Amino acid sequence: MVKRVSQYLASHSLSRHLLFLALAFLAVAVNGYHFGTFDQVFHIPFLKKFVDPTLYPGDSFLSLRWYHFSFFWFPFIPLLKAGLLEISLFIVHILTVYGTIWMFWELTNTLFQNNIANLLIVLALVIPHLGFPGFQIIEFSLLNRTFVLPFLLGSMVLYLNDKKWLAFLVLGLMFNLHVIYAIFVLCMFLLNEVLTFKWRAWWKPALWVGIFVAAGSPVLIWRMQTGSGIDFSLRPEMLNLATKGLLSTVYYPLTGSAYGLGNLVAGLGTVWAFMLGLRRAPKSDKHRTMRNFALAVGVLIMVGLIASYILPVTILLQMQILRVGVFMLFFGMIYLTHFISEAFTSGEIDRGRFLILALSFVLLFTPLLTILIYYLDRWLAHKDIKPAWLLVLITAIQTVTVIAGLASQIWAPGYYIHGPQSDWRRVQDWARVNTPQDAMFISPPQIFGHYTPDWRVFSERGTVFTTPELMEIPFAPSFIPSIKERLSAVAPGALAQFDGDYIKTLELTGKAYYTNSREDFIKLACEYQADYLVVESSHPYNFLTVYQNDGFFVYHLPDCQ
């Protein structure tokens, strides 16, 4: 049946694309869609500030919008003005996921011309799969890095099909939307050009690089105009502050936390998956190119490790180079699907064993588990034991994964097109409707997460400090004194206790916030011209209450004397 379905899809373009669209809606539902959370806690306020410069007056954090070098959000300005931002972001996200699924099919087909492998890879995109440094393939909100992904995969397809000038053009255009991911792919292309260099055609790589630079020049001009340039200075203090706060996993492959170790092991699994598939791949230029792409990922990771452990060069720290590991997840998944399909079509495994491996590949959250099940199945075959009980093992692993993901709130499926509805959201909505635009708040700095919005997103009001600001440290080093000052003011003593565990960072910041006495908050209000104080209902203070719900109090702070 798998063969028939895959062959049918390969020969019927309309049915294939309808499947891609259906899988896109399903993947977004399973992975979750959450407006205004995680990385969008920066982009949405920045976008609102671009539309209405009178918002967030006195909140210095909004000045960092000029240091996010991407043109991606600007086309949404008229949609925000028209009140269509949320629905337009959701539609673009669905189309982006559709494009990502399509390009995974195209890249897999370009490499293997194996219909079964094509079908398996797109089915696997529905369920979250993780590698290093912990990013899933289909993310739970629209970001510039998610939007460029299908175009970057498409540029690889073009490159492999020897349409290199077009591949570099697409890559240069995407550079204007997400600099970091585009540079990662550029490094892959360039390393392959170096390893396959021919003197008689020396001008071709030079031309292609020129096309990339010309296409990507708008964002380069923007960066130069801000005075950022390319900074080769050493900033160990910036690295130290960023990693001890929230960004340890994007600079260090192994941290003291359980999730850090899990990310590293999952990342090694993606390399293993790639190597297994590469060994069974045909000996062709396309696979030698993919090998060079994987080698480029390894070289970049080594450069990132040198920057993290030895030479903290600013521009390298800003690149957050270990994030290139997400491409190893892409390559590992693609080559592992070939490994499974080829083992089946060559007769190495029968239909039953193929279905078990295919099911584990589609359902389980890391390709490493599929590899381990493959070797376990081989051991059972030597013992003449039927592999059917592996279905029980796969079911058990997936059940535990789902329960753990939901219980820990790491995984939150479903559509939240207009953002979450919670006591925290209702406080922000109240502030937006009932306070003047120039109102300044002191808000709980620790309330933020994958699916929890930062204060600024829905309130459209300034605040003294929130913990997500720590994630912005590498992009604007000159902002570090301001961040340290405001963090220490709002959460005294927390900074000295940070150790790189981001969960602990949030907990310590919250505890320190509530060590402030009534007099401390009055002093903070005077220092930062704050008008209102927000606290959780479990930590009441003796101020004038202007709003409350089950989770929070909002107090009007007394005028400064």
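Just so you know, we're using the working numbering here: the sequence shown kicks off at -1 and counts up by one.
We put the beta carbon where it would ideally sit given N, CA and C, even for glycine.
None of these values were measured; they are calculated from a predicted model.
Do residue j and residue i count as a contact pair if the criterion is CB distance below 8 Å?
i, j, result
"Ile135", "Leu327", "yes"
"Gly491", "Ala510", "yes"
"Gln495", "Leu506", "yes"
"Tyr333", "Phe291", "no"
"Phe325", "Val295", "yes"
"Trp453", "Phe473", "no"
"Asp57", "Thr461", "yes"
"Arg423", "Pro451", "yes"
"Leu293", "Leu175", "no"
"Leu391", "Gly243", "no"
"Met518", "Ser535", "Per the sequence shown, the amino acid found at residue 518 is Asp instead of Met. For Asp518 and Ser535, no; Cβs fall outside 8 Å."
"Ile92", "Val26", "yes"
"Leu184", "Val248", "no"
"Leu141", "Asp50", "no"
"Gly170", "Ala204", "no"
"Leu573", "Val124", "This structure gives no information on residue 573, because the portion of the chain shown stretches from -1 to 559."
"Val297", "Leu314", "no"
"Leu53", "Gln435", "yes"
"Phe563", "Val217", "Here the chain comprises residues numbered -1 to 559, so residue 563 is not present and cannot be evaluated."
"Tyr449", "His32", "yes"
"Thr446", "Leu404", "The amino acid occupying residue 446 in the given sequence is Phe; Thr does not appear at that position. Not in contact: Phe446 and Leu404 (Cβ atoms no closer than 8 Å)."
"Lys46", "Leu78", "yes"
Could you work out which residue in the options is closest to residue i when comparing CA atoms only?
i, options, result
"Leu12", "Trp71, Trp100, Tyr526 and Leu82", "Trp100"
"Ile481", "Ser231, Arg289 and Phe59", "Phe59"
"Phe149", "Leu140, Asn159, Asp160 and Ala165", "Ala165"
"Arg233", "Tyr545, Ile478, Leu83 and Thr503", "Ile478"
"Val360", "Ala122, Leu109 and Tyr31", "Ala122"
"Val398", "Ser420, Asn432, Phe363 and Ala379", "Phe363"
"Leu105", "Arg459, Ile92 and Asn159", "Asn159"
"Val269", "Gly330, Ile313, Val211 and His537", "Gly330"
"Leu370", "Ser358, Ala379 and Gln419", "Ser358"
"Thr335", "Arg278, Lys196 and Trp387", "Arg278"
"Leu276", "Arg289, Ala264, His448 and Leu555", "Arg289"
"Gly129", "Leu151, Ser61, Gly265 and Lys79", "Gly265"
"Trp71", "Phe40, Pro55 and Arg286", "Phe40"
Could you tell me if residue i is buried or exposed, where buried requires 16 or more neighbouring beta carbons within 10 angstroms of its beta carbon?
i, result
"Met222", "exposed"
"Phe69", "exposed"
"Lys281", "exposed"
"Gly225", "exposed"
"Ile209", "buried"
"Gly214", "buried"
"Met(-1)", "exposed"
"Ile228", "exposed"
"Tyr526", "buried"
"Arg351", "buried"
"Ala394", "exposed"
"Trp409", "buried"
"Gln318", "buried"
"Ala489", "buried"
"Ser515", "exposed"
"Leu193", "exposed"
"Glu458", "buried"
"Asn116", "buried"
"Gln316", "buried"
"Gly412", "exposed"
Measure how close the beta-carbons of residue i and residue j come, nearest whole angstrom, since I'm counting them as under 8 Å.
i, j, result
"Ile42", "Val455", "5 Å"
"Asn29", "Pro131", "The Cβ separation is near 18 Å, so there is no contact."
"Leu531", "Tyr553", "4 Å"
"Leu239", "Ile501", "Going by Cβ atoms, the distance from Leu239 to Ile501 rounds to 18 Å, so no, they are not a contact pair."
"Ile299", "Val322", "6 Å"
"Phe88", "Ile415", "5 Å"
"Asn113", "Gln5", "5 Å"
"Pro442", "Val533", "7 Å"
"Tyr250", "Ser306", "6 Å"
"Thr94", "Thr144", "6 Å"
"Val431", "Phe550", "The Cβ separation is near 15 Å, so there is no contact."
"Pro310", "Leu237", "4 Å"
"Leu109", "Lys284", "6 Å"
"Asp375", "Pro365", "15 Å between Cβ atoms; not a contact."
"Val207", "Phe67", "In fact, because the Cβ distance is near 20 Å, the residues do not count as touching under 8 Å."
"Tyr545", "Trp428", "5 Å"
"Leu252", "Leu259", "7 Å"
"Thr98", "Leu147", "5 Å"
"Leu24", "Phe102", "No, Leu24 and Phe102 are not in contact; Cβ-Cβ is about 15 Å, not under 8 Å."
Unbroken stretches of the alpha helix (DSSP H), 4 residues or longer, contained in the segment 392 to 445: The segment 392 to 445 contains, as complete alpha helix (DSSP H) runs of 4+ residues, the segments 421 to 432 (chain order).
message: Restricting to runs no shorter than 4 residues, where is the alpha helix (DSSP H) found entirely within the segment 278 to 339?
response: The qualifying runs are 283 to 307 and 312 to 317.
query: What runs of the alpha helix (DSSP H), each 4 residues or longer, lie entirely inside the segment 82 to 125?
result: Complete alpha helix (DSSP H) runs here, min 4: 83 to 110 and 113 to 122.
message: Give the list of continuous alpha helix (DSSP H) stretches no shorter than 4 residues that lie fully inside the segment 119 to 167.
response: Positions of the alpha helix (DSSP H) runs, each at least 4 residues long and wholly inside the segment 119 to 167, are given as 142 to 158 in order along the chain.
field: Completely contained alpha helix (DSSP H) runs for the segment 208 to 255, where each covers 4 or more residues
entry: Within the segment 208 to 255, the complete alpha helix (DSSP H) runs of at least 4 residues are 234 to 240.
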